[in-house]
Amino acid sequence: MDVIADLKRVPLFETISEADLRPLAEAAYGRRYEKGEVICEKDGPGDALYLIRSGRVRVYTTDEQGHEVTLHIYGPGSFFGELALLDGLPRSASVAAQERSDILVLPRQAFLTCLEAHPRILLEIITAITRRLRITTERAEQMAFLNIYGRIALQLLDLAEKHGRPAGEGTEIAMDLTPEDLASLSGVDLGGLERALEFYQDARLVELRWPRIVVLDEAGLRRRLEWHRRRRLI
Ligand code: CMP
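Going by our numbering, the sequence shown opens with residue 1205, and the numbers climb by one from there.
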């Protein structure tokens, strides 16, 4: 596999010459992770940066009882593992393959050497971190201000926007999801998820075809979300 071509495909490295990328490409190695396989664990060492060649990965944290909350899902071309790599602290969250994924592993030292020679990479990383912080803020708002119906509507709209593709009468979320995945992404328990999905299905706003979900009426789902937002503010 051509590692340099893979590196140049992502915004992080696209402006760096092939010659300058060679040492990093030589230190990098590819790994395939099957669905559910853990790529890095919370509190583990920040010894590498990961680049997604294909597939999707899920960032999550777990409490002592084993409840999980999904913080984010990354797709092809995204990187993760930058936090521990840069601040030298343990990994802030765990990451597992949401589907079979090909990952390019960039060992810490080789990446830092490349970073020192090309500080522009830092700008890309800061931009990505700010985007991630904004999304995390939105999520904190969602947990504080929305009930379960609102959280699930928001999550479905978000997934449809980021991973949707036209499917006959609506937009299919082109990602295999289990009810547990969606509950964890929305920050609700399984009972709450079932109630809300049943409601949205009866209202013909969504259709469940596990492991796929089709959003039948985006505008209608958005109206429900706004209704829940307003109700919370009264
Ligand atoms: P790191 O802490 O090294 O390892 C876990 C990675 O998950 C982290 O770097 C980020 O790349 C990613 N991550 C952690 N928290 C979030 C979050 N709230 N939103 C998006 N990505 C995150």
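Positions of the beta carbon are idealized from the N, C-alpha and C atoms, including for glycine.
Compute the minimum distance between the beta carbon of residue i and the heavy atoms of the ligand CMP, and state whether it is under 8 Å.
{"i": "Ser1177", "result": "Look at the range of the chain in this structure, 1205 to 1438, and you will see that residue 1177 is not part of it."}
{"i": "Phe1217", "result": "no"}
{"i": "His1367", "result": "no"}
{"i": "Cys1318", "result": "no"}
{"i": "Thr1340", "result": "yes"}
{"i": "Leu1287", "result": "yes"}
{"i": "Gly1292", "result": "no"}
{"i": "Ala1300", "result": "no"}
{"i": "Arg1312", "result": "no"}
{"i": "Ser1388", "result": "no"}
{"i": "Ala1348", "result": "no"}
{"i": "Arg1336", "result": "yes"}
{"i": "Ser1258", "result": "no"}
{"i": "Gly1250", "result": "yes"}
With which residues is residue i paired in a DSSP beta bridge?
{"i": "Ala1252", "result": "Pro1311"}
{"i": "Phe1283", "result": "Leu1255"}
{"i": "Val1410", "result": "Val1419"}
{"i": "Ser1305", "result": "Tyr1237"}
{"i": "Ser1298", "result": "Tyr1264"}
According to the Cβ coordinates, are residue i and residue j closer than 9 Å?
{"i": "Gly1250", "j": "Arg1336", "result": "no"}
{"i": "Leu1389", "j": "Ile1277", "result": "yes"}
{"i": "Gly1248", "j": "Ala1288", "result": "yes"}
{"i": "Val1309", "j": "Tyr1254", "result": "yes"}
{"i": "Val1419", "j": "Thr1375", "result": "yes"}
{"i": "Gly1520", "j": "Cys1244", "result": "Examination of residue 1520 is not possible in this model, given that the chain is present from 1205 through 1438 alone."}
{"i": "Tyr1237", "j": "Ala1300", "result": "yes"}
{"i": "Gln1346", "j": "Arg1355", "result": "yes"}
{"i": "Ile1307", "j": "Ile1256", "result": "yes"}
{"i": "Asp1380", "j": "Glu1303", "result": "yes"}
{"i": "Asp1224", "j": "Ala1321", "result": "yes"}
Would residue i count as contacting chain B if we go by Cβ distances under 9 Å?
{"i": "Ile1333", "result": "No chain B is present in this structure, which holds just one protein chain."}
Round the Cβ separation of residue i and residue j to the nearest angstrom and send it over; I've been treating them as touching at under 8 Å.
{"i": "Val1242", "j": "Gly1391", "result": "That belief does not hold up - the Cβ atoms of Val1242 and Gly1391 are roughly 21 Å apart, past 8 Å."}
{"i": "Leu1293", "j": "Leu1358", "result": "Incorrect: roughly 31 Å between the Cβ atoms, too far for contact."}
{"i": "Leu1361", "j": "His1432", "result": "Going by Cβ atoms, the distance from Leu1361 to His1432 rounds to 12 Å, so no, they are not a contact pair."}
{"i": "Asp1421", "j": "Leu1409", "result": "5 Å"}
{"i": "Ile1325", "j": "Leu1216", "result": "6 Å"}
{"i": "Ala1297", "j": "Val1263", "result": "5 Å"}
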